[in-house]
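Peer 1: Sharing a structure with you now.
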Amino acid sequence: MRSRCPMLLPVLVLASLIAVVDARQEPAKPYAPPRTADGQPDIQGIYNPVGTFYNIEDLEYQSLYQNFKPNPSLSGKSLIIDPPDGKIPYQAWAAEKRKPIYQLHGDPTPEYVDPNAQCWPQGVPRHMNNREFEIFQPPGHVVIFNMAHHSYRVIPVDGSPHIPENVKLWLGDSRGRWEGNTLVVDVTNNNDQTWFDVMASFHSDAMRVTERMTPVGPDRIEYRAVITDPKVYTRPWTFAIYFNRSKDYGSELYEEACVEVNDRNMELLKRPGRN
Amino acid sequence: MSTRLWHSLRASALVLVLWWAAPGSAAAQGWSPSRLPDGQPDIQGTWEGSADSANAGHSLEEGCCDPEHNKMQQRAATNIGLRKQVIIDPANGRIPFQPWAIEKRREHLINLEAPTELQHIEPEDRCSLQGVPRSNLRGPIQILQNPGQVVMLFEWVHAYRVIPVDGRPHAPKGAATWQGDSRGRWEGNTLVVEVTNFRFDPVGYNKQPWIDSHGTFYTDTLRVVERWKFVDANTVDYEATIEDPKVFTQPWKIAYQIQRLREKNFELIEEACWEGVSVSNRLEAGRIAVKSGKQRIHSHSEP
Amino acid sequence: MLKTAVAWIIGAVFLTAAPDAAAQNMPRTPDGKPDMSGIWTAVNSAAWNILPHAAEDGVPAGLGVVDGNEIPYRPEAAAKQRANFANRATLDPETKCWLPGVPRATYMGFPFQIVQTPTQVSILYEYGHALRNIFMNSPHPKGPIEFWMGDSRAKWDGDTLVVDVVHFNDQTWFDRAGNHHSEQLHVVERYTPIDRDHINYEVTIEDPKVFTRPWKMSMPLYRRVDRNMQLLEYECSSFDEAFRTRGAER
Amino acid sequence: MSIMARLPGCMIATLALASLLPAPAAAQGSGPLPRTADGKPDLSGIWQAVTTANWNIQAHSAEKDVPAGLGVVEGDEIPYQPWAAAKKGENFANRATADPEAKCFLPGVPRATYLPFPFQIFQTPNHIAITYEYVHAVRRIFMNSSHPRGPLEFWMGDSRGRWEGDTLVVDVVYFTNQTWFDRAGNFHSDALHVVERYTPITPYHINYEATIEDPKVFTRPWKISLPLYRRIEKNIRVLDYECYAFGLERTWYRPPE
């Protein structure tokens, strides 16, 4: 995480630590997970992300999407821990492009419909910030299975190179490595069709994401994603959530078809004068 | 549980067994060929139908050409008709069409003379594959052999035939092809090839090979059995029995000789027919002929 | 890096084994050469685009087969490729069922059969029954000659069949994305058996009229092991569409 | 255990003799099979069927843009009940729109296996996952555990696996009646029961068989079989093919050129 002014760095680190401290109940000694057969820290299991799906920059509006009341107590809180204002550092033209979505986000026209609502893959890091997902670690890989849209992401941890640059993929091309008990994932080759939430928080196909997943306890993983996109943002920004191991879900994710049953939803959007 | 390895072992074993079964007839008479590793007689080289079958590809009954046609093909003006009767059964040398098929063939011959649609131009002039036995009547045939198969390469439209001789079954009926599905076996020095699964166009009969340019068509029940009898190092007595109960009144047989090309290091060259063909002027001529009522049947024997 | 990779991956197999080590389980012809006779297929999406490409409607994504992921076009040739791409629906010679040329015939997704003999190796392609007769240890005829599939002359370099191909016309493309060449195209193919069921197919392409330097593509070829595998046909000139256009041509 | 081991010695010498021996139960193939710690053949890796079965699982001639194929159905005959044979003909006639693949729906089993796209097998002792490039279809094969109580309907069915010697046997039930076996209209009902057998022949080939049973549609079970090829390209990856999004990409927010 490069910041423009080195002096600022310690302050930022301090700030993110404070944000984390109150949430952490476990003892100070760092948690050491068991190992898989091929020596990876074993973080397998089904998790629920604790973040938000609706507006990562302002948690007050989480509920509008499902027509509940806004929650003023969360106003101003954001999942973005850097920059400190919790906002995505859009370049001027990009901030402008996003404005119409604010008026329409409750009742969007097809052009402004959230790609997720059309069952398209949610992209990185959003597919970690949605609903239950499973971490599966076969030899040499970490594989994430989502319940939503039966999407999956394969993260090889074998040191192999990325695919050629101009092959753009919905969930990008991930390469992972273990630094101690933290999985560090470099995600390149992202296409430009996914958002980070319902509010058209978009990116270009030059986006690169560096994720850090650190198990801090048997049932909790801290997740940080540093997002870089010189075409759309003025500087890199960092997004932070955590995952709780799901106790009630049982051990098997089932198939959730989306496209197959989505024709009806798409029809709802196409109201007169809207399609 | 059939494994790839197991399958190939079993197949090659079969050929060995097959070969031992018939040594007697080879030694009895004629040519004693050199043998390939899998026991097949070595018939590799380049071959071509002899002069007397030269025009049979155009018409198995009449041969082909008239003086003007020959000039166009830079052939001797007198190179007309068949030197030697190619159809040996029935004895009259005519194709034993059933009544309805005679009518259909006439229609083809009339359209051939004054084509107004692409469908009227016969498959060979549209650079299509010729099927069997007609592929063998069109220029040089290079034969290569590998364990378990005989491969025939042609110059015309870079066609080829792959003839397994390892006893494997025919392809399923549903996978019909223009060249038909060949399966061969050796009886002494005679390569016997059964060909079925021919591609059949039930509507226009023109998106399938014709047995000759004179409209000799067939249906999905066509079955051809070829006998390539290698009488000596340079001569094949070729015979083919053609059978289609829906079109012909009886199986009929053609026979002629095929000779080894003596030309040293002869090489097949690329013959890109489809890339160069243009049929539009033929259609233009056909439309003019029809408009002026000058339609006649295509023939070389009538005046 | 490979050793650590192997440590992580007990299951996955990286086929970067040196060809010689693996080639000894390769069947051999009586004259001691690797016997590549059989039916083969390239399994990739190079037929659509030999460069890396994302998925499109009907077009699977592909990692590309060109070394370095870049074709060194001259400026005007690069412009022509862009124009070809824009009009590929009508300009691609494949849409007219013309012979595909070399090396495109190898990776069209259709099987092809290698018939190997000491003096001649013939390759029979299911697509449009394209045929290449590769003559061993003999010189090209004097040019200029223009063939769709070029004139192929080969020799053995150890266990690798090296095929030199010249005398092309300028009508064929390398894929459906408009990558093109001139009649001065010179192709050198290297067929190196990795083991009984895989060949490493490497092609060097040279055409001073179109490219600033030679460039290479490479891909594995897979021996088809389907039960009773045989070539069938794709007689595309007989399909209605090609049929009709030919009739209308002047 | 070296993965790079090849078949010792030369194959040719044993050709004549070996063919007289009974078929070897386990696969001798070229080179010993890679195995996991618990001794099972390791099927992990990226695989692909190379066949025209997705056009038509039965033998078929070529048509425009449709390559010919020998078919993968054993005996090349599908034992439809009379009404079902008529329905299949109707499907074939309307295949351009009626085929679920035209609408980018999940392909079902066994069709997912022979789509012209690669898929990756991740193998662990009690759970095998298969991730498909086509519309990121996924199958989770839970080992040595029984199907949950039905009735349930999944597009990709519920898969339970076990090993029989070196063959992975996968029992799949709880299908919808929405998927087809190919683009030629071959269909099934929600009573479909598929038993897949993945038998590695060499480190690079799996013999894939699927027995198909559906008392509502067929008069008897029938079987398909085809080889799967391990993809050996260097750095091969399963990519993506999100066909329902083709032509709908948005550009209103792309950066100024």
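Protein sequences, first through last, are from chains A, B, C and D. Residue numbers for the first sequence, in my numbering: 1 to 275. Residue numbers for the second sequence, in my numbering: 1 to 303. Residue numbers for the third sequence, in my numbering: 1 to 250. Residue numbers for the fourth sequence, in my numbering: 1 to 257. Just so it is clear, CB atoms sit at the ideal spot from N, CA and C, and this is done for glycine as well. None of the values given here were measured: they were computed from a predicted structure.
1. Whose C-alpha, out of Phe142/D, Ala129/D, Leu168/D, is nearest the C-alpha of Ser151/A?
2. Going by C-alpha distance, which of Pro90/B, Val203/B, Asp181/B, Asn146/B is nearest His304/B?
3. Ala28/B by DSSP, collapsed to three states: which one?
4. In its own chain, which residues sit with a C-beta less than 7 Å from the C-beta of Glu241/C, not counting the 5 before and 5 after it?
5. Identify each residue in the region 64–83 of chain D for which the Cβ-Cβ distance to at least one residue of chain B is less than 8 Å, and report them in chain order.
6. Using a Cβ-Cβ cut-off of 8 Å, state whether His147/D counts as contacting chain A.
7. Exposed or buried, which one is Arg149/D when buried takes at least 16 other CB atoms within 10 Å?
8. Quick one: does Gln48/D have its CB under 8 Å from some CB of chain B?
9. Which chain A residues are close to Ala102/D, counting only those with a beta carbon under 8 Å from its beta carbon?
10. Just the Cα atoms here: how many angstroms apart are Ser44/D and Ile121/D?
11. Within its chain, find whatever has a CB closer than 7 Å to the CB of Ala206/A; leave out the 5 residues flanking it on each side and keep chain order.
12. Return the chain-ordered list of same chain residues with a C-beta closer than 8 Å to the C-beta of Thr249/B, the five sequence neighbours on each side being excluded.
13. Give me the Cα-Cα distance between Glu60/A and Trp93/A, rounded to the nearest whole angstrom.
14. Would you check if the distance between the CB atom of Ser127/C and the CB atom of Met219/C is smaller than 8 Å?
15. Measure from the C-beta of Val167/A to each C-beta in chain C and report whether the shortest distance is under 8 Å.
16. Using beta carbons (cut-off 8 Å, strictly below), is Pro256/D in contact with chain C?
17. Rounded to whole angstroms, what is the Cα-Cα separation between Phe168/C and Thr204/C?
18. Looking at C-alpha atoms only, which residue of Ser213/B, Thr177/B, Thr190/B, Asn206/B is the closest neighbour of Val199/B?
19. Have a look at Trp170/A and Val59/C and give me their C-alpha separation to the nearest angstrom.
20. Identify the continuous beta strand (DSSP E) that holds Lys87/A and give its terminal residues.
21. Which one or two residues does DSSP pair with Lys104/B in a beta bridge?
22. What residues in its chain sit with their C-beta under 6 Å from that of Ala125/C, if we drop five residues either side in the sequence?
23. So if DSSP puts Tyr127/C in a beta bridge, which residue, or which two residues, is it bridged to?
24. Mind pulling the chain D residues with CB within less than 8 Å of Pro172/B?
25. Taking Cβ positions only, does Tyr241/D come closer than 8 Å to chain C?
26. Arg231/D touches chain C at which residues, Cβ-Cβ below 7 Å?
27. Counting along the chain, where does the beta strand (DSSP E) carrying Gln123/D start and finish?
28. Please check if any C-beta of chain D sits within less than 8 Å of the C-beta of His105/A.
29. The region 190–204 of chain C: which residues have C-beta closer than 7 Å to a C-beta of chain D, in chain order?
30. Please list, in chain order, the chain G residues whose beta carbon lies closer than 8 Å to that of Ile163/A.
31. Chain D beta carbons: is any one of them nearer than 8 Å to that of Arg199/B?
32. Which residue marks the beginning of the beta strand (DSSP E) containing Thr212/C, and which one marks its end?
33. Could you give the uninterrupted runs of the alpha helix (DSSP H) lying entirely in the region 239–301 of chain B, keeping only those of 4 residues or more?
34. Quick check: Val173/D and His147/D, are their CB atoms within less than 8 Å of each other?
35. Using a cut-off of 8 Å between C-beta atoms, extract the partners of Ala176/B located in chain D.
36. Who are Asn48/A's beta bridge partners in DSSP?
Peer 2: For this structure:
1. Of the listed residues, the one whose Cα sits closest to Ser151/A is Ala129/D.
2. Residue 304/B lies beyond the residue range present for chain B, which begins at 1 and ends at 303; the question has no answer from this structure.
3. Because the pLDDT of Ala28/B is 48, which lies under 50, any placement of that residue in the model is unreliable, and the question is left without a value.
4. Contacts found: none.
5. Answer set for the region 64–83 of chain D: Ala68, Gly69, Leu70, Gly71, Asp76.
6. Answer no: the Cβ-Cβ gap between His147/D and chain A never drops below 8 Å.
7. With fewer than 16 other Cβ atoms within 10 Å, it is exposed.
8. False, the Cβ-Cβ gap to chain B never drops below 8 Å.
9. Those do not exist, as Ala102/D stays about 13 Å from chain A at its closest Cβ, beyond 8 Å.
10. Their backbone Cα atoms lie some 5 Å apart in a straight line.
11. Cβ within range, chain order: Asp229, Pro230, Lys231.
12. Scanning its chain for C-beta atoms nearer than 8 Å, with the 5 sequence neighbours on each side dropped, one finds around Thr249/B the residues Pro96, Phe97, Gln98, in chain order.
13. Taking the straight line from one Cα to the other gives about 26 Å.
14. The sequence given here has Tyr at residue 127/C, not Ser. No, Cβ-Cβ distance for Tyr127/C and Met219/C is not below 8 Å.
15. For Val167/A, the answer is yes, since a Cβ of chain C falls inside 8 Å of its Cβ.
16. Judged by the 8 Å Cβ criterion, Pro256/D is not in contact with chain C.
17. Those two C-alpha atoms are separated by around 15 Å.
18. Strictly speaking, residue 199/B in this sequence is Arg, with Val absent from that position. Ranking Ser213/B, Thr177/B, Thr190/B, Asn206/B by Cα distance to Arg199/B puts Thr177/B first.
19. So the two alpha carbons sit approximately 16 Å from each other.
20. Boundaries cannot be given for Lys87/A, as no beta strand (DSSP E) includes it and DSSP labels it neither H nor E.
21. None, per the DSSP bridge assignment.
22. The question names Ala, but residue 125/C in the sequence shown is Tyr. Around Tyr125/C: Ala105, Phe112.
23. BP columns for Tyr127/C point to Tyr234/C.
24. For Pro172/B, the C-beta contacts it makes with chain D under 8 Å involve Gln58, Ala59, Leu70, Gly71, Asp76, in order along the chain.
25. Yes, because at least one Cβ of chain C sits closer than 8 Å to the Cβ of Tyr241/D.
26. Under the 7 Å cutoff, chain C gives Val43.
27. Here the beta strand (DSSP E) through Gln123/D covers 119–124.
28. Closer than 8 Å: no.
29. Answer set for the region 190–204 of chain C: Asp195, Arg196, Asp197, His198.
30. Given the protein chain composition of this structure (A, B, C and D), no chain G is represented.
31. Yes, contact with chain D.
32. Secondary structure note for Thr212/C: it is in no beta strand (DSSP E), with a DSSP letter that is neither H nor E.
33. Runs of the alpha helix (DSSP H) inside the region 239–301 of chain B: 273–276, 280–291.
34. Yes; because the gap between Cβ atoms is below 8 Å, this pair is in contact.
35. Here the neighbours are Ser61.
36. Secondary-structure assignment with DSSP links Asn48/A through a beta bridge to Asn244/A.
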